[in-house]
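Q: Quick one: structure below, then a few questions.
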Amino acid sequence: MPRDSREKNVSFSEAAAQVPATPTKTNSPQDATYHGHRTRLRERFNTGGVSALADYELLELLLFRSIKRADTKPVAKALLKRFGSLAEVLGAPENLLLEVKGVGPSVAFDLKLTATAARQMLKGGLNNREVLGSWSKVIDYCSAAMAYEKREQFRILFLDKKNALIADEIQQSGTVDHTPVYPREVVRRALELSATAIILVHNHPSGDPTPSRADIAMTHTIIEAAKPLGILVHDHIIIGKDGHASLKGLQLI
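When you line the sequence shown up against our numbering, it's residues 144 to 396, in that order.
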């Protein structure tokens, strides 16, 4: 019998129906869970602001940008466990952030970018203002910039004759407990910027802002070097995780 007479005629639509369907991708219950969690966190933030969220939840919100398809809560809690607080997470060096499970280069970059943006916002509050009349803003900015640094830094705020900020510069970086400071370099830079006053700032990585004898002696040396040139040292602020100290406020200068 000829082969074609034994074959049953099948229409195109029938043939297509016989082809197994390609499975379509569906969201897993886990996907639905973290998407719902993200939506709820955003709604709470939009409704109640910062006060409506715990630190780990604020950190979760930040991590949404760099961790697209996973639960960010474990990473947020691991970061806080390692560093102690949201401020310390944002102040942590990139290499230490990368040691935390779940933190890759994009996460570390986004956290450091957030910290930098926050510091610039605080610094913006000092621009074109009489600094001595915005003292709390000075402290907030210096604390954000230096409190969680792992090495000592010596910073100078250069002011004009109206005590407005001309420049903010890190003059030296040192070790965990010492920064070399050169009074002649401090004065020379003030003259270059035509500054008539300066505020000295440095941090104590130990967290305790109590001034040392060396801090006090160095401050007096700079005051004596600057005075004949008409440059006034308003204060020397020491920043630590546990707060700040003002040598002027302590009547040490």
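Even for Gly, the Cβ is constructed at its ideal location relative to N, Cα and C.
1) Who are N346's beta bridge partners in DSSP?
2) Just how far apart, CA to CA, sit K370 and G383?
3) According to DSSP, is I309 part of a helix, a strand, or is it coil?
4) Beta-carbon separation of S316 and R332 under 9 angstroms?
5) Does the distance from the CB of A287 to the CB of A261 come in under 9 angstroms?
6) Could you pull out every unbroken beta strand (DSSP E) segment of at least 3 residues lying fully inside the stretch 283 to 309, listed in chain order?
7) Smallest Cα separation from K266: which of G247, E312, S228 and K255?
8) Could you check whether the stretch 375 to 395 touches the stretch 342 to 351, counting it as contact only if at least three pairs of C-beta atoms, one from each stretch, sit closer than 8 angstroms?
9) Once you ignore the five residues that flank G179 on each side, which residues in its own chain have a CB closer than 7 angstroms to its CB?
10) Should the stretch 228 to 246 be regarded as contacting the stretch 185 to 202, the criterion being three or more beta carbon pairs within less than 8 angstroms?
11) My guess is that L114 and I342 are in contact by the Cβ rule of under 8 angstroms, so how many angstroms apart are they, rounded?
12) So which of T339, I380, L375 and I374 has the shortest CA-CA distance to I359?
13) By Cβ distance, which residues of its chain are closer than 7 angstroms to S249, with the 5 residues on each side in sequence left out?
14) With 16 as the cutoff for other CB atoms within 10 Å, does R298 come out buried or exposed?
15) Which residues in the same chain as L375 place their Cβ atom closer than 6 angstroms to its Cβ, once the five residues preceding and following it in sequence are excluded?
16) Return helix, strand or coil for A368, following the three-state DSSP convention.
17) Under a Cβ-count criterion, where at least 16 other Cβ atoms within 10 Å of its own Cβ denotes burial, should M144 be classed as buried or exposed?
18) Here's a check: name, in chain order, each residue in its chain whose Cβ is nearer than 8 angstroms to the Cβ of A164, leaving out the five neighbours to either side.
19) Measure the alpha-carbon distance for T169 versus N270 and round it to whole angstroms.
20) Based on Cα-Cα distance, which residue from T362, R356 and S337 lies nearest to L372?
A: This is what the structure holds:
1) I382
2) 28 angstroms
3) Three-state result, I309: strand.
4) no
5) yes
6) 296 to 302
7) Nearest to K266 by alpha-carbon distance, out of G247, E312, S228 and K255, is E312.
8) Yes: the two stretches touch, three or more of their Cβ pairs being nearer than 8 angstroms.
9) none
10) Verdict: yes, contact present.
11) As shown, the chain starts at 144 and ends at 396. That puts residue 114 outside it, with no answer to give.
12) I380
13) S209
14) Classification of R298: buried, given that the 10 Å Cβ count is 16 or more.
15) A340
16) helix
17) Confidence at M144 is low in this model, with a pLDDT of 48, below 50, so the placement of that residue should be treated as unreliable; the coordinate-derived value is given next. Under this definition M144 is an exposed residue.
18) At A164, the pLDDT of 47 sits below 50, so the modelled position is not reliable and the matter cannot be decided from this model.
19) Legend: pLDDT at T169 = 45, less than 50; position of this residue unreliable, value from coordinates given subsequently. Cα to Cα, the separation comes out at about 53 angstroms.
20) S337
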